[in-house]
């Protein structure tokens, strides 16, 4: 997994609340294999009309936001379906950081396993960031994961993230390698569990 | 005396292997996989790894399966490939599969419980957000993404941060004909679609105890729509009765031993919750959604909100956008909203009790719009047919189909056309959820049936009263 330490980039404002994972990646694209091409269908039905033409009013279709690596979103970004492909779509498009007042839990978890930072700020702070980049689109936003800070012009905020997600992103770890280092503890738990809770093993009644 | 614990604390500690960096490595008792789990199987193949515990892993074909024309080859090659890929992955990894041709096939969150695979005290995961459903049995059950599915396949464990504890107490008696869906929508309207974010929800109170297992599953299913990590109901006599005689049911000494543990599965008196919410069941009305998030739910006698009366500008913008997408006008009475079709199905509301509730309204009436009924499982379908419910749906003019996720997510091809308005027993009224441009109103099965026979959103209570 790609490491994340800090980023300074154009930030696209998406102020709407409840941008769920169905909107980030519509279900009809769930069949796509992982080939780094999910970015093409990111926000498909928000970015394009039924004929596949760009919707000019969608911020990501406008310069300089088209090349944004950061999104500043509204409350409950990424709620809904557990589809990890929503994270693939953001990542493959080039997005490395989403800043919002709240996220879907499963979405945030998936993001941390794929090198995408989900930074939680207050509603007032995300509102101020959205106002700043809307007013001056070329304004760069910085996110520093070690310091847990967001800066944008005069604005400077601390964001929150679970410590384990922070560590995972900073190191680019694959969880499976980490878990392998606890192999003995897992084996011991399994053996003890079998004695303690044998009924948890399914067998036809 | 030791510190009083919540039910969730007990479930958590019985699965904790080690702690590290604020997270715990948890043992997984059951892992359900479906066609959509293909990313994780690919990850396994890349590493040349095998499934660590195939005996604890069960596959169900549900997301892509056709609901019509079963027995014939699947006409769409891409969909056929999704279904056959699961067959192959399950066979290669020696996982028990309830595939398309199995008489136990159905939606994973209906099948797991009805086979007795879902039990109190288990930790259950699946690559589907509605895995919260299984919490109805007093299990810790939650949805995970593809990376986590791969991790569970390879290790039978998962790293998790312990969520905060939230108790939602629902006391009092529901009005006749109302059900778990109305409670769920009342809760989500109250706390918001992210209201339980970062929390494990325990549902308690007399109205919850009075719910059947089907109702508890509907409620826990919708816990994710409140942003909850999981929803749990403490097991009781209703739970134990449901489990008896199931295919994988425990018997004899195994059951006795399990029961000793299950008796402890409740929150101790004085246990501390990070957040408490109370809902008065007697005040719950039949709820429907008007907008594009489950939090946009209102009692059926209300009207579409007016954004000019909203003080929060972001919220006002959201309301404007939702009204525009839904093709509505501020102040329009909900009962004046005409519908184009209905859907009765999904892991939320397609169990036998749900079909009975809808059929009771539809009996000897005709639906004014077309509609599809997809039972929650093949077993539910057989039971409904034995009870003659299929005849009531057909005579009302609705299509009686086979079981799968169907029109809840539309990836098997069961779609709502762009601009069409659907009254649906499903869990998500998101933009485009049932198809590009589709407009979804979610509600209980009885309310969908009432909308069908009325041609518009309608209160089902007068339709029930006329029967008495």
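Chains as they are written, first to last, in the numbering used here: chain U, 93 to 297; chain C, 9 to 476.
Where is the CB? At the ideal position from N, CA and C, for every residue including glycine.
| request: Helix, strand or coil for residue 132/U, going by three-state DSSP, please let me know. | output: Residue 132/U: helix per DSSP, three-state reduction.
| field | In chain order, each beta strand (DSSP E) run of at least 3 residues that lies wholly inside the stretch 180-244 of chain C | value | 207-212, 238-240
| field | Residue-chain proximity (residue 278/U, chain C), Cβ-Cβ < 7 Å | value | yes
| query | Cβ of residue 31/C less than 7 Å from any chain U Cβ? | reply | Answer yes: the Cβ-Cβ gap between residue 31/C and chain U drops below 7 Å somewhere.
| query | Pick from 461/C, 217/C, 385/C, 51/C: whose alpha carbon is nearest that of residue 414/C? | reply | 385/C
| query | Is any beta-carbon of chain C found at less than 7 Å from that of residue 297/U? | reply | Since pLDDT at residue 297/U reaches only 48, below the 50 mark, its modelled position is unreliable, and no value is offered.
| task | List the endpoints of the continuous beta strand (DSSP E) containing residue 168/C. | result | 165-168
| field | Distance, residue 392/C Cα to residue 47/C Cα | value | 35 Å
| task | With DSSP as the reference, label residue 403/C as helix, strand or coil. | result | helix
| said: At the level of alpha carbons, what is the spacing between residue 84/C and residue 370/C? | reply: 33 Å
| So, do the stretch 222-239 of chain C and the stretch 264-272 of chain C have three or more beta carbon pairs nearer to each other than 8 Å? | no
| What residues of chain C sit near residue 122/U, judged by a beta carbon separation below 7 Å? | 44, 419
| Could one say the Cβ of residue 173/U lies closer than 7 Å to chain C's Cβ atoms, at least one of them? | yes
| query | Measuring CA to CA, which of 117/C, 101/C, 36/C is closest to residue 69/C? | reply | 117/C
| request: Look at the alpha carbon of residue 402/C and the alpha carbon of residue 228/C, and state the distance between them as a whole number of angstroms. | output: Residue 402/C and residue 228/C: Cα-Cα distance of roughly 30 Å.
| By a C-beta neighbour count over all protein chains shown, 10 Å radius and 16 as the cutoff for buried, is residue 290/C buried or exposed? | With fewer than 16 other beta carbons inside 10 angstroms of its own, residue 290/C counts as exposed.
| query | Where residue 432/C and residue 450/C are concerned, what is the direct C-alpha to C-alpha distance, given to the nearest angstrom? | reply | 5 Å
| Among all the DSSP beta bridges, which residues are the ones paired with residue 132/C? | 38/C, 149/C
| message | Can you give me the C-alpha to C-alpha distance between residue 428/C and residue 280/C, rounded to a whole angstrom? | response | 47 Å
| By DSSP, does residue 218/U sit in helix, in strand, or in coil? | helix
| message | I'd like to know whether the C-beta of residue 155/C is nearer than 7 Å to at least one C-beta of chain U. | response | Closer than 7 Å to some Cβ of chain U, the Cβ of residue 155/C qualifies, so yes.
| Roughly how many angstroms separate the alpha carbons of residue 187/U and residue 45/C, rounded to a whole number? | 24 Å
| said: Is it buried or exposed, residue 168/C, if we count other Cβ atoms within 10 angstroms and call 16 or more buried? | reply: Burial check for residue 168/C: the Cβ neighbour count within 10 Å reaches 16 or more, so the residue is buried.
| Cβ neighbours of residue 456/C in the same chain (closer than 7 Å, five flanking residues each side left out) | Excluding positions up to five away in sequence, the list reads 350, 352, 366, 431, 432, 433.
| message | According to DSSP, simplified to helix, strand and coil, what is residue 107/C? | response | In the structure shown, residue 107/C sits in coil (DSSP, three-state: anything other than H, G, I, E or B).
| What is the DSSP secondary structure of residue 344/C, reduced to helix, strand or coil? | In the structure shown, residue 344/C sits in a helix (DSSP, three-state: H, G or I).
| request: Drop a sphere of 10 angstroms on the beta-carbon of residue 389/C, count the other beta-carbons inside from all chains shown, and report buried for 16 or more, exposed for fewer. | output: buried
| said: Quick check: what's the CA-CA separation for residue 98/U versus residue 444/C? | reply: Rounded to whole angstroms, the gap between the alpha carbons of residue 98/U and residue 444/C is 37 Å.
| message | Short of 6 Å in beta carbon distance, which residues of its chain neighbour residue 308/C, apart from the five on each side in sequence? Order them along the chain. | response | 294, 296, 342, 467
| message | Any contact between the stretch 273-289 of chain U and the stretch 90-103 of chain C? By contact I mean 3 or more CB pairs, one from each, below 8 Å. | response | The stretch 273-289 of chain U, when compared against the stretch 90-103 of chain C, does not touch it at the 8 Å Cβ threshold.
| By how many angstroms is the C-alpha of residue 288/C removed from the C-alpha of residue 198/C? | 12 Å
| Of all the CB atoms in chain U, is at least one closer than 7 Å to the CB of residue 441/C? | yes
| said: For residue 120/U and residue 259/U, what's the separation of their Cα atoms in angstroms? | reply: 34 Å
| Nonlocal neighbours in the same chain, by C-beta distance under 8 Å from residue 166/C, ignoring five residues either side | So the list reads 33, 34, 36, 133, 152, 156, 159, 160, once near-sequence residues are dropped.
| query | According to a CB-to-CB cut-off of less than 8 Å, which residues of the stretch 317-336 of chain C neighbour chain U? | reply | Listed in sequence order: 322, 323, 325, 326, 329.
| Residue span of the beta strand (DSSP E) that contains residue 371/C, given as start and end | That residue, residue 371/C, is in no beta strand (DSSP E); it is neither H nor E in DSSP.
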